[in-house]
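Everything on this sheet refers to the single structure shown next.
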Amino acid sequence: MTRPPLPEWAPHEAVWIGFPSDPELWLGDLKPAEREVAAFAEAVHHGGKGEKVWLVAAHEGAAESARDLAPFAEVIVEPFGDIWLRDTGPIVLGSGKQRTAQGFGFNGWGGKYELEGDEDIGERLASRAGLKYAKAGWILEGGAIDGDGSGTVVTTEQCLLNPNRNTLTREETEQRLFEDLGFERVVWLGEGLMNDHTDGHVDNLARFVAPGRIAIPNLGYDDPNEAIFRDAARRLRATRLDVVTLPSPGRILGEDGDIIPASYMNFYIGNAVVVVPQYGAPNDRGAVEVVQALFPGRAAIGLRADHILTGGGSFHCISQQVPI
Numbered sequence: 012m013t014r015p016p017l018p019e020w021a022p023h024e025a026v027w028i029g030f031p032s033d034p035e036l037w038l039g040d041l042k043p044a045e046r047e048v049a050a051f052a053e054a055v056h057h058g059g060k061g062e063k064v065w066l067v068a069a070h071e072g073a074a075e076s077a078r079d080l081a082p083f084a085e086v087i088v089e090p091f092g093d094i095w096l097r098d099t100g101p102i103v104l105g106s107g108k109q110r111t112a113q114g115f116g117f118n119g120w121g122g123k124y125e126l127e128g129d130e131d132i133g134e135r136l137a138s139r140a141g142l143k144y145a146k147a148g149w150i151l152e153g154g155a156i157d158g159d160g161s162g163t164v165v166t167t168e169q170c171l172l173n174p175n176r177n178t179l180t181r182e183e184t185e186q187r188l189f190e191d192l193g194f195e196r197v198v199w200l201g202e203g204l205m206n207d208h209t210d211g212h213v214d215n216l217a218r219f220v221a222p223g224r225i226a227i228p229n230l231g232y233d234d235p236n237e238a239i240f241r242d243a244a245r246r247l248r249a250t251r252l253d254v255v256t257l258p259s260p261g262r263i264l265g266e267d268g269d270i271i272p273a274s275y276m277n278f279y280i281g282n283a284v285v286v287v288p289q290y291g292a293p294n295d296r297g298a299v300e301v302v303q304a305l306f307p308g309r310a311a312i313g314l315r316a317d318h319i320l321t322g323g324g325s326f327h328c329i330s331q332q333v334p335i
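Just so you know, we're using my numbering here: the sequence shown kicks off at 12 and counts up by one.
Written out as structure tokens, the structure is:
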């Protein structure tokens, strides 16, 4: 019988973090994004008091930059399309000698960004870590789900029921989550953030912070996601979950003037720290303070993620933890 994944706040041996490697994808944001990723990795490592950091670079040139910026990390060279290892890396189940790496199909977030190497980077990372690997026969990205360790998982209809991923009914999708990942209860939210090319990944909208306790955003000033946040709150009120709220950064615009899916919910829970993305918004400090109150045994750290966000995600999106 498959047991559900350990929650993110369970102890980690290490974390895989994708390192920006393709100048054609990142253009002028490449070097600044490298620095933001290295700062995130350093915070997670926390002077050796956190977990081991496995920085994954797509080629030796990027690996040299990774070693220069993050000498504390182990740099792994494995070809991939881009750095979003939350979605392309494996989900590690179990602990100790019972650990296994569960993989899934990947089709570039519904065919939008199909890049060479992304379809099998999870299996190669599992092999490098000495983990037994299995691949399920359906498409699922790690950022589309979030579990509390006690059998409950939250997701969005926009992503998991999207025909650009699978042709499964709600009931069939739930059964796959039960069988392949050991979950016992699925909490369905509706839409994800506006203009999120992942089709509404839940790790930008709702995150478990303890067993049975889930965080969602409050409304920010002139918030483009107001209706989405209200719908999530309405749905969660119908569950037995304890709902808490974080501030929202509000309306954040990209260089082209379009609304971008900026969210403080894309934090990463490490052994010693919780790293919260920052955007130069009025609620930046407030979000870190709320996260600190939710995780009193860890240091909440806010770090800028503007350049990582130009690629479509933030700290949670580029990382995948390996439990002890």
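From the three backbone atoms N, C-alpha and C, an ideal C-beta is built for every residue, glycine too.
Local Cβ density within 10 Å of residue i, reported as buried at 16 or more and exposed below that
i      : result
Arg248 : exposed
Glu182 : exposed
Leu204 : buried
His70  : exposed
Thr178 : exposed
Thr180 : exposed
Gly158 : buried
Ala238 : exposed
Asn282 : buried
Gly268 : exposed
Arg176 : buried
Ser32  : buried
Boundaries of the beta strand (DSSP E) in which residue i is found, first to last residue
i      : result
Ser330 : Ser330 to Pro334
Ala316 : From DSSP, Ala316 is part of no beta strand (DSSP E); its letter is neither H nor E.
Trp199 : Arg196 to Leu200
Glu24  : His23 to Gly29
Thr163 : Thr163 to Thr167
Pro288 : Val284 to Gln289
Through-space distance from residue j to residue i, alpha-carbon basis
i      : j      : result
Val255 : Asn294 : 16 Å
Glu53  : Val88  : 19 Å
Glu250 : Val198 : The question names Glu, but residue 250 in the sequence shown is Thr. Approximately 8 Å between the Cα atoms of the pair.
Lys143 : Asp131 : 14 Å
Phe189 : Leu96  : 23 Å
Asp214 : Asn229 : 15 Å
Glu266 : Tyr290 : 13 Å
Ile227 : Ala244 : 8 Å
Pro15  : Asp253 : 20 Å
Ala337 : Asp93  : Nothing about residue 337 can be reported from this structure: the residues present for the chain run from 12 to 335 only.
Ser274 : Gly162 : 25 Å
Asn173 : Glu202 : 11 Å
Asp22  : Phe326 : What sits at residue 22 in the sequence shown is Pro, not Asp. Computed Cα separation, rounded: 18 Å.
Val284 : Gly58  : 11 Å
His208 : Leu38  : 19 Å
Gln186 : Leu126 : 29 Å
Gln331 : Lys123 : 22 Å
Arg315 : Glu152 : 24 Å
Asp233 : Arg262 : 6 Å
Pro260 : His212 : 17 Å
Arg218 : Arg196 : 15 Å
Arg309 : Asp40  : 31 Å
Phe117 : Pro18  : 23 Å
Tyr279 : Val286 : 5 Å
Gly114 : Phe194 : 16 Å
Gly297 : Met276 : 13 Å
Ala84  : Gly72  : 16 Å
Ala74  : Ala155 : 29 Å
Gly148 : Leu192 : 13 Å
Gly133 : Asp98  : 9 Å
Thr166 : Thr13  : 19 Å
Lys63  : Pro258 : 30 Å
Arg61  : Ala145 : Note that residue 61 is Gly in the sequence shown here, rather than Arg. Taking the straight line joining both Cα atoms gives about 28 Å.
Val333 : Ile312 : 21 Å
Ala44  : Val299 : 21 Å
Val26  : Ile319 : 18 Å
Asn206 : Gly323 : 10 Å
Enclosing alpha helix (DSSP H) for residue i [first to last residue]
i      : result
Glu182 : Arg181 to Leu192
Gly297 : Asp295 to Leu305
His57  : Careful: His57 lies outside any alpha helix (DSSP H) and carries neither H nor E.
Leu66  : Premise fails: Leu66 lies in the beta strand (DSSP E), Lys63 to Ala68, not in any alpha helix (DSSP H).
Trp37  : Pro34 to Trp37
Short CB-CB distance (under 9 Å) between residue i and chain B
i      : result
His212 : Going by chain labels, chain B is absent from the structure shown, which holds only one protein chain.
The stretch 102-110 in contact with the stretch 78-92 per 3-pair CB rule at 8 Å: No: the two stretches stay apart, fewer than three of their Cβ pairs being nearer than 8 Å.
Ordered list of alpha helix (DSSP H) runs contained in the stretch 81-155, each at least 4 residues: For the stretch 81-155, the continuous alpha helix (DSSP H) assignments of 4+ residues that do not extend past its boundaries occur at 96-99, 119-122 and 132-139, in sequence order.
Those runs of the alpha helix (DSSP H) which lie wholly inside the stretch 209-261 and span at least 4 residues: 237-248, all fully within the stretch 209-261.
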